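Read the structure below first, then the notes.
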Amino acid sequence: MKKLFHLLLSLLSILYGAAIQLRNHWYDYRGGYTTTTGPTISVGGISAGGTGKTPMVSHIISLVSRQGYTPVLVTRGYGRKENKHRIISPEESTFYAEVGDEPLMLKRRHPSLWLAVGAHRSKNLRAMEEKKLHRPVYIMDDGFQHRQVARHLDIVTLPPNIRTDKLIPAGKMREPLHNISRATHCVCMNNEKRTRSCTPTQFLPTQKTPPQILSATITAHHWVHTRDGRKKTYIPGTVDLFSGIARPQRFKKSSLNKSGKIGKHIIFSDHHTYRKCDYKRINSLSAENIGTTEKDFIRLDLKKLDFRKNFWYLYTQVDTRELLSLDKAIIELCEETHE
């Protein structure tokens, strides 16, 4: 029975891959993409969930903000509870049910960020163009498969184990690996102390100009207390964990580097909405210090947490020293477009 199930998944993956290839051929032939007056940078992946897109987007937002440009995040807003298109200025407040957990997390990190949230990214971009912002830079989150929109740079983030993954539904891959040939840059995202096993060049078509292959490390920088915002680079003793993200084991490994010992780890689904029964489970954790991800922190109702315990979220970031050539390409693009 198990073999039959795996065979069925493999057949469905073949059909899915054929449909994806037909779709891509149609876009290659069709042309006529939505364009913008400002530079458009897509950050996406060919694997579903947990590929390091959000840390990469955060890095780009910081980079263009420091150069005096206006960052605009164009995103679907996964995990939100409504379907309306939303344009959120830096001055406006919002909540995760309206825009999604990752966009809200990025908005809190970057005070100058505009949000354009909705399923139709072309519509979002047209709405932002009408705003006539000062030197805008459009950053399209999870945009690799969204080919209706033209982009100046097409960045794909790849997890370390990409060579052994399979197409949906047998695995997590949205497209065959050789389709990264559409990208301008591929960034192999590695966790701390992780062997760099991402080597996609062998899968690229020889007749095409290959994308630039880079590596970047996502580092756990410090813990942030959920109530008072104080920071700790290391928590001695035992830390219990809970998380609702795509790849919880990565979070556990990163947390171990910033704590004496990891105790229990409660795992929820990605973009999980926390309910009364979930808070009961979380509050039952026995450690004095309890850790979660920054994305989960966005979705929490802090009033429902046991105030007698210390709740922390782990702040992560990309090691920028490994991305100098990509940073240079982004800055040059912005300067050329807005000269």
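Throughout the sequence shown, residue numbering follows the numbering used here, covering 617 to 955 in sequence. We treat Cβ as the ideally placed atom computed from N, Cα and C, and that holds for glycine. None of these values were measured; they are calculated from a predicted model.
(request) Could you tell me whether the Cβ atoms of Pro880 and Ser859 are closer together than 9 Å? (result) Here residue 880 turns out to be Lys, not Pro, going by the sequence shown. In this structure, Lys880 lies away from Ser859, with their beta-carbon atoms at least 9 Å apart.
(request) Put Met789 into one of helix, strand or coil per three-state DSSP. (result) Collapsing the DSSP output to three states places Met789 in a strand.
(message) For the pair the region 663 to 677 and the region 708 to 717, tell me if three or more CB-CB distances fall below 8 Å.
(response) With fewer than three CB-CB distances shorter than 8 Å, the region 663 to 677 does not count as touching the region 708 to 717.
(message) Measuring straight from C-alpha to C-alpha, what distance separates Ile946 and Leu624?
(response) Cα to Cα, Ile946 sits roughly 43 Å from Leu624.
(message) In whole angstroms, give me the CA-to-CA distance for Asn905 and Thr932.
(response) Each residue's alpha carbon lies about 18 Å from the other.
(message) Under 8 Å: do the region 827 to 844 and the region 793 to 806 share three or more Cβ pairs, one atom per stretch?
(response) Yes, they touch.
(message) Using DSSP's beta-bridge definition, name the partner residues of Met756.
(response) Met756 has Ser658, Val690 as its beta-bridge partners, per DSSP.
(message) Give me, in chain order, the residues of the same chain whose beta-carbon lies closer than 6 Å to that of Lys847; leave out the 5 immediate sequence neighbours on both sides.
(response) In its chain, beyond the 5 residues on either side, His838, Val840 have a beta carbon closer than 6 Å to the beta carbon of Lys847.
(message) My output table needs one value for His801: the three-state DSSP class, helix, strand or coil.
(response) Residue state, collapsed to three classes: strand.
(request) Could you round the C-beta distance between Pro687 and Val753 to whole angstroms and report it? I think they count as a contact, below 8 Å. (result) Indeed they touch by this definition, with Cβ atoms about 6 Å apart.
(message) Taking only three categories from DSSP, how would you classify Lys700?
(response) Lys700: coil per DSSP, three-state reduction.
(message) Classify Asn740: buried if its beta carbon has 16 or more other beta carbons within 10 angstroms, exposed otherwise.
(response) Buried.
(request) Using only alpha-carbon positions, find the residue among His736, Glu938, Ile861, Asp844 that is nearest to Asn699. (result) Nearest to Asn699 by C-alpha distance, out of His736, Glu938, Ile861, Asp844, is His736.
(request) Have a look at Asp894 and Phe884 and give me their C-alpha separation to the nearest angstrom. (result) As the crow flies, the alpha-carbon of Asp894 is around 9 Å from that of Phe884.
(message) Quick check on DSSP: helix, strand or coil for Asn777?
(response) The DSSP-derived three-state label of Asn777 is coil.
(message) What residue range does the alpha helix (DSSP H) around Asp717 cover?
(response) Counting along the chain, the unbroken alpha helix (DSSP H) around Asp717 starts and ends at 717 to 725.
(message) Tell me which residue opens and which closes the alpha helix (DSSP H) that Ser831 is part of.
(response) It is not in any alpha helix (DSSP H) - Ser831 instead sits in the beta strand (DSSP E) that spans 828 to 841.
(message) Quick check on Ile778: buried or exposed, where buried means 16 or more other Cβ atoms within 10 Å of its Cβ?
(response) Around the beta carbon of Ile778, 16 or more other beta carbons sit within 10 angstroms, so the residue counts as buried.
(request) Could you check if Tyr685 is buried or exposed, using at least 16 other CB atoms within 10 Å of its CB as the buried criterion? (result) In this structure Tyr685 is buried. Its beta-carbon is surrounded by 16 or more other beta-carbon atoms within 10 angstroms.
(message) Taking contact to mean 3 or more Cβ pairs, one atom from each stretch, closer than 8 Å, check whether the region 618 to 636 and the region 648 to 661 are in contact.
(response) The answer is no - the region 648 to 661 does not touch the region 618 to 636, with fewer than three Cβ pairs under 8 Å.
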